[in-house]
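Note sheet for the following structure.
Numbering (the numbering used here), first residue to last: 149 to 521.
Okay, structure coming up:
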């Protein structure tokens with residue numbers, strides 16, 4: 149089979165011919181149909197990322213594929229099934245040993261050993277051996293037949309997992325109002341899509357009003373309201389409450405990137421919350437923040453940190469899509485802005501850096517015989 153392989157972080161990728169992996173207990177082998185080409189891969193390969201990964205390795209932890217073979221202990225997966233592959237690795241006997249498949253080997257010696265000895269080869273390949281826990285069956289007849297989605301249309305599910313996990317962590321319910329900030333990126337936008345799907349009203353908060361309006365236009369009137377960040381935390385909190393039905397903000401989810409370390413929006417989100425409101429922190433802000441302590445105490449605010457997602461989350465999200473409540477494809481505001489075979493890796497990553505990473509946008513790579521997808 150063909151696979152893109154690098155000898156280590158900071159070294160280039162090369163297309164190589166490798167033996168097709170065999171399924172062993174605890175795993176299955178999947179034929180890759182579409183894999184996300186994220187801009188983060190460029191930072192990892194350049195050595196500019198703070199993430200580490202043992203070489204040689206193959207990037208790509210989020211994909212759609214078809215099961216080719218299963219290990220002897222597989223109970224539900226079977227050859228021929230259409231599946232989603234997601235990237236959050238956890239050891240079976242100790243789920244606190246965590247890593248991001250083909251992106252980050254974790255923060256402990258146990259996680260680094262777990263990855264080094266088992267999961268160095270990701271989905272930038274024609275076939276991949278994947279942990280059973282990270283492979284989720286999809287109802288192909290429903291999704292691709294009745295709903296008309298292509299394999300590539302299903303790939304944003306792997307991005308939406310993050311935002312959906314935040315919503316689930318603080319129990320956002322139909323009819324509630326949730327502030328999501330930022331709201332115009334790939335992962336934060338996925339949170340908006342999921343919140344609308346479960347019946348919540350979303351207040352999308354960000355710096356670019358034009359980008360916020362583009363997100364708003366995807367959904368029925370009233371489902372997504374927008375508030376621009378001005379830098380005045382108290383004034384922005386007032387704007388959030390003014391945008392909420394009956395002035396009532398039930399929940400706040402932060403998905404800030406590293407560059408948001410000096411933003412005022414987190415304070416605004418907290419200040420907007422009603423009594424018994426809930427906040428979920430999912431971003432990667434590196435520095436400490438001054439939070440409205442008295443407001444949190446007097447209003448019985450619940451604050452929840454959430455790293456990635458629990459094991460039941462992928463199945464719940466897939467069910468939302470299979471019922472048709474969670475819209476994929478163009479109806480959900482998603483756009484495949486580029487599709488490339490593995491042989492055109494550099495073009496795929498260049499496009500991802502220059503134009504990818506926005507709301508609903510994906511750059512994907514596929515094996516050469518599937519480049520028509």
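Think of the CB as a built atom: it goes at the ideal place given N, C-alpha and C, for glycine as much as any other residue.
Taking a C-beta distance under 8 Å as the contact criterion, residue 367 and residue 269 do not qualify as a contact pair. Counting only residues of its own chain and dropping the five nearest sequence neighbours on each side, residue 156 has a CB closer than 6 Å to the CB of 203. One thing to note: residue 352 has its Cβ within 8 Å of the Cβ of residue 331. Straight across, the Cα-Cα distance linking residue 259 with residue 253 is about 6 Å.
Per DSSP, residue 150 lies in no alpha helix (DSSP H) segment; the continuous beta strand (DSSP E) that holds it begins and ends at 150–154. Of 444, 405, 344 and 303, the smallest CA-CA separation from residue 430 is found for 405. Inclusion of residue 374 and residue 364 in the CB contact set at 8 Å is warranted, their separation being smaller than that value. With a minimum length of 4 residues, the unbroken runs of alpha helix (DSSP H) contained wholly in the stretch 206–267 fall at 257–266. Nearest in C-alpha terms to residue 425, of all of 508, 476, 318 and 214, is 318. Non-local C-beta neighbours of residue 219 in its own chain, meaning closer than 8 Å and more than five positions away in sequence, comprise 171, 172, 173, 174, 175, 176 and 280, ordered along the chain. An exposed status is given to residue 369, since fewer than 16 other beta-carbon atoms sit within 10 Å of its beta-carbon. Counting along the chain, residue 427 sits inside the beta strand (DSSP E) bounded by residues 421–429. For residue 496, no beta strand (DSSP E) encloses it; the enclosing alpha helix (DSSP H) starts and ends at 493–503. Under the DSSP assignment, residue 340 falls outside any beta strand (DSSP E), being part of the alpha helix (DSSP H) whose first and last residues are 334–345. Leaving aside the five residues that flank residue 481 on each side, the residues in its chain whose CB is nearer than 6 Å to its CB run, in chain order, 366 and 508. Contact between residue 513 and residue 263 fails: their C-beta atoms lie close to 22 Å from each other, not under 8 Å. DSSP assignment within the stretch 264–322 yields the following whole alpha helix (DSSP H) runs of 4 residues or more, N-terminal first: 299–302 and 305–317. One thing to note: residue 247 has its Cβ within 8 Å of the Cβ of residue 237. Note that the C-beta distance between residue 501 and residue 485 is not below 8 Å.
Distance from the CA atom of residue 255 to the CA atom of residue 298, rounded to whole angstroms, is 37 Å. Membership of residue 483 in any alpha helix (DSSP H) is not indicated; the residue belongs instead to the beta strand (DSSP E) covering 483–489.
In the structure shown, the three-state DSSP call for residue 387 is helix. For residue 453, DSSP records a beta bridge to 429. Here residue 448 has 423 and 424 as same chain residues with Cβ atoms under 7 Å from its own Cβ, once five neighbours each way along the sequence are excluded. 8 Å or more divides the Cβ of residue 251 from the Cβ of residue 312. Per DSSP, the beta bridge partners of residue 373 are 351. In the DSSP annotation of this structure, residue 467 is not part of any beta strand (DSSP E); the continuous alpha helix (DSSP H) holding it starts and ends at 461–471.
DSSP, read as helix, strand or coil, puts residue 394 in helix. For residue 408, the closest of 329, 234, 445 and 461 by C-alpha to C-alpha distance is 329. The beta carbon of residue 217 sits closer than 8 Å to the beta carbons of 170, 171, 176, 177 and 227 from its chain, once the five residues preceding and following it are set aside; these are given in chain order. Here residue 420 is buried: its Cβ has 16 or more other Cβ atoms, across all protein chains shown, within 10 Å. Boundaries for residue 363: no beta strand (DSSP E) harbours it, while the alpha helix (DSSP H) harbouring it runs 357–365, taken from the DSSP string. Around residue 221, the same chain offers 173, 174 and 280 as residues with beta carbons nearer than 8 Å, after the five sequence neighbours per side are excluded.
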